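Just below is one structure, and these are the notes that go with it.
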Amino acid sequence: RAKSAGKDQFALFCDGLHSKAARQLELESALAQALTRREFTLHYQPICRVAGDQPYLVGVEALLRWRFNNQPVAPNEFIPVLEESREIVRVGEWVLREACCQVRRWQLAGQSQLYCAVNLSIRQLQQPGFAALLARVLRETGLPPASLLLEITETLLMQDSELMMGALHEIAALGVRLALDDFGTGYCSLGYLKRYPLHVLKVDRSFIAAAPDDADSVAISRAVIGLGQSLGLAVVAEGVEHPEQVAFLVAEGCQLVQGYWFSRPRPATELQALFDGERCVDGLWRLR
Ligand code: C2E
Ligand code: MG
Ligand code: MG
Ligand code: MG
C-alpha cells in the first residue's frame, strides 16, 4: 500500500516537472515571436521626491509588460525565460529605445528634469559594444545621457569580470548613471559598492514592507540608507505602500520613494493624463 502511494507521488512529481518544462517551452517559443508581433508594452512607475507634504515626480521606471494569448504574464515568469534564451538582448534594446523616446517626449512637454530608469540584464552587458549601442540610442532619441539611469542587480556585480567592470565604466563615461536594484536581496559584498561606478542604491521592497512596525526591518532599512548616504549614493526606497512608510523614510533621511502609495506602474497615456491634471513646478510635476 505504502509502495503504491509512493508510486502515485512519483507520478505526480513527474507530471509537475513535465508541465513546468512544457510551459517553459511554450513561453520560450512564443517570446521569440513577441517582438515582431508587437506584444510587448511598457508601463511606467513614478519615482518621487518627498519634501514636506508635496511629492514631486523626479523620474519614471520603465517596466516591461507582455500579453500572451491575451493574458498578461508576470515579468517574474517571462523575464527569466527571455534571459535564458538570450532573447532579452533584442527585447532589452527595444525597451531602452522605447523608454528613452517616451521620456524625451515628456521632457519636451515641460518635464525637463525627468529621468528615465531602465532595468538592464547581465546578458545585455555581456554583448560586446553595448556602450556603443547605448550611445546610439541616446543620440537617436535625443535623451540627454544624464537623464538615463540603468538599473542592475547584485548578481551582475558578483560576476566580477574585467569585461563587466569595463562595460560599466564605459556606460558611466557616457554620462549615464547606474543604480543597484533590489539592494540587500543578493550576496553582494559591500566592497563591490565602492569598486563600481554606482550612483543610486535602491533598497529592496522586502525591507520596506514590514517597516515601520517590525524592528528588524527598521534596523535593516536604516543601515542600508546610512550605507548609501555615506558612500555618496542617492537612495531610493522601493515598494512604498503606506503613508507610515513615507514618514519613516523621510525621518531616516530617504526622500526618494517609489511604490503603490504614489502610483502603480501605468501605460504612458494614463501617466500623461495624471500629469495633465497637476501643476508643474520648476520643470517637475507635483503629485497629489
Ligand atoms: P524591479 O526592477 O525591482 O521593479 C520593481 C517591481 O516592483 C515592479 O514589478 C513593480 O511593479 C513592483 N512594485 C512597485 N511598487 C510596488 C509596491 O508598492 N508594492 C509591491 N508589492 N510591488 C511594487 P514588475 O513590474 O512585476 O517587475 C518585476 C521585475 O522584472 C523587475 O523588478 C525587474 O527586475 C524585472 N523587469 C521588469 N522590466 C524589465 C525590463 O525591461 N528588463 C529587465 N531586464 N528586467 C525587467
Ligand atoms: Mg528596477
Ligand atoms: Mg527593484
Ligand atoms: Mg524588485
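The opening residue of the sequence shown carries number 446 in full-length UniProt numbering; numbering runs sequentially from there.
Cβ atoms here follow ideal geometry from the backbone N, Cα and C, with glycine treated the same way.
This structure is a prediction, so every number in the text was calculated from the model and none was measured.
### Straight-line Cα distance separating Ala668 from Cys633
On the sequence shown, residue 633 is found 188 positions in, with the first residue counted as 1. On the sequence shown, residue 668 is found 223 positions in, with the first residue counted as 1. Cα to Cα, Cys633 sits roughly 15 angstroms from Ala668.
### Message
Classify residue 430: buried if its beta carbon has 16 or more other beta carbons within 10 angstroms, exposed otherwise.
### Response
Given that the chain is displayed from residue 446 to residue 733, the structure contains no residue 430 and the question cannot be resolved.
### Task
Below 8 angstroms CB to CB, which residues in the same chain sit around Gly629 once its five sequence neighbours on both sides are set aside?
Sequence index remark: in the sequence shown, residue 629 carries index 184 (1-based). The residues are Val648, Asp649, Ser651, Phe652, Ile665 and Val669.
### Query
At a cut of 8 angstroms, does the segment 587 to 595 reach the segment 541 to 555 through at least three beta carbon pairs?
Output reads yes: the segment 541 to 555 touches the segment 587 to 595.
### Query
Would the C-beta of Asn564 count as close to ligand 2, meaning under 6 angstroms from any of its heavy atoms?
Position 119 of the sequence shown, counting from 1, holds the residue named residue 564. At least one heavy atom of ligand 2 is nearer than 6 angstroms to the Cβ of Asn564, so yes.
### Three-state secondary structure (DSSP) of Asp626
Residue mapping note: residue 626 aligns to position 181 of the sequence shown, counting from 1. Asp626: strand per DSSP, three-state reduction.
### Task
Report all residues for which the CB-ligand distance to some heavy atom of ligand 3 is below 6 angstroms; order them along the chain.
Asp626, Asp627, Lys647 and Glu683
### Task
Measure the alpha-carbon distance for Gly673 versus Val680 and round it to whole angstroms.
As a working mapping, residue 673 is identified with position 228 in the sequence shown. As a working mapping, residue 680 is identified with position 235 in the sequence shown. Approximately 6 angstroms between the Cα atoms of the pair.
### Message
Quick check: is any heavy atom of ligand 2 less than 6 angstroms from the C-beta of Glu599?
### Response
Here residue 599 is taken as the residue at index 154 of the sequence shown, counted from 1. Checking every heavy atom of ligand 2 against the Cβ of Glu599, none is found closer than 6 angstroms.
### Query
How long is the line joining the alpha carbons of Ala496 and Leu570, rounded to whole angstroms?
Translated into the one-based positions of the sequence shown, residue 496 becomes position 51. Translated into the one-based positions of the sequence shown, residue 570 becomes position 125. Approximately 35 angstroms between the Cα atoms of the pair.
### Query
Based on the DSSP secondary-structure assignment, which residues constitute the bridge partners of Ala562?
To locate residue 562, count along the sequence shown from 1; it is residue 117. Answer is Glu506 and Leu594.
### Query
What residues match up with Pro500 in a beta bridge as DSSP calls it?
On the sequence shown, position 55 is the one that residue 500 refers to. Its beta-bridge partners are Val495.
### Task
Measure the beta-carbon distance from Leu701 to Val563 and round it to whole angstroms, keeping in mind my assumption that it falls under 8 angstroms.
Translated into the one-based positions of the sequence shown, residue 701 becomes position 256. Translated into the one-based positions of the sequence shown, residue 563 becomes position 118. Not quite, the Cβ-Cβ distance comes to about 17 angstroms (not below 8 angstroms), so this is no contact.
#### Entry: Per DSSP, the bridge partner or partners of Val702
Taking the first residue of the sequence shown as position 1, residue 702 is located at position 257. Per DSSP, the beta bridge partners of Val702 are Cys493 and Ala682.
### Query
Smallest Cα separation from Phe598: which of Leu638, Ala507, Ser708 and Phe485?
Here the question's residue 598 lines up with position 153 in the sequence shown. Note on identity: in this sequence residue 598 is Thr, with Phe being the wrong assignment. The candidate whose alpha carbon is nearest that of Thr598 is Leu638.
### Message
Taking the straight line between their C-alpha atoms, what separation do you get for Leu635 and Asp626?
### Response
Residue numbering aside, residue 635 sits at position 190 when the sequence shown is read from its first letter. Residue numbering aside, residue 626 sits at position 181 when the sequence shown is read from its first letter. Leu635 and Asp626 have their C-alpha atoms some 14 angstroms from each other.
#### Entry: Cβ pair Arg510, Arg568 closer than 7 angstroms
As a first step, residue 510 must be located in the sequence shown, where it is residue number 65. As a first step, residue 568 must be located in the sequence shown, where it is residue number 123. The answer is no: Cβ separation not under 7 angstroms.
### Task
Taking only the alpha-carbon atoms, compute the straight-line gap between Arg446 and Leu472 and give it to the nearest angstrom.
Locating residue 446 in the sequence shown gives position 1, counting from the first residue. Locating residue 472 in the sequence shown gives position 27, counting from the first residue. Caution applies to Arg446, whose pLDDT of 44 falls short of 50 and renders its modelled position unreliable; the value that the coordinates give is listed next. Approximately 39 angstroms, taken between the alpha carbons.
### Message
Quick check: Leu676 and Tyr641, are their CB atoms within less than 7 angstroms of each other?
### Response
As a first step, residue 676 must be located in the sequence shown, where it is residue number 231. As a first step, residue 641 must be located in the sequence shown, where it is residue number 196. No; because the gap between Cβ atoms is not below 7 angstroms, this pair is not in contact.
### Message
Just to check my reading of the structure: Phe707 and Cys493 have Cβ atoms closer than 8 angstroms, yes? What is that Cβ distance to the nearest angstrom?
### Response
The count along the sequence shown starts at 1 and reaches residue 707 at position 262. The count along the sequence shown starts at 1 and reaches residue 493 at position 48. Their Cβ separation, rounded to whole angstroms, is 5 angstroms, which keeps Phe707 and Cys493 in contact under 8 angstroms.
### Task
Tell me whether Glu683 is buried or exposed, calling it buried when 16 or more other Cβ atoms sit within 10 Å of its Cβ.
Counting from 1 along the sequence shown, the entry for residue 683 is found at position 238. Its Cβ being crowded by 16 or more others within 10 Å, Glu683 is buried.
### First and last residue of the uninterrupted alpha helix (DSSP H) at Val582
Here the question's residue 582 lines up with position 137 in the sequence shown. Judged by DSSP secondary structure, Val582 falls within the alpha helix (DSSP H) whose first and last residues are Phe575 to Thr586.
### Task
Following the continuous alpha helix (DSSP H) through Gln552, name the residue where it begins and the one where it ends.
As a first step, residue 552 is located in the sequence shown; it is residue number 107 there, counting from the start. Unbroken alpha helix (DSSP H) run through Gln552: Ile533 to Leu553.
### Message
Let's test the definition: count the other Cβ atoms within 10 Å of the Cβ of Leu608 and tell me whether it reaches 16, buried, or not, exposed.
### Response
Here the question's residue 608 lines up with position 163 in the sequence shown. That one is exposed.
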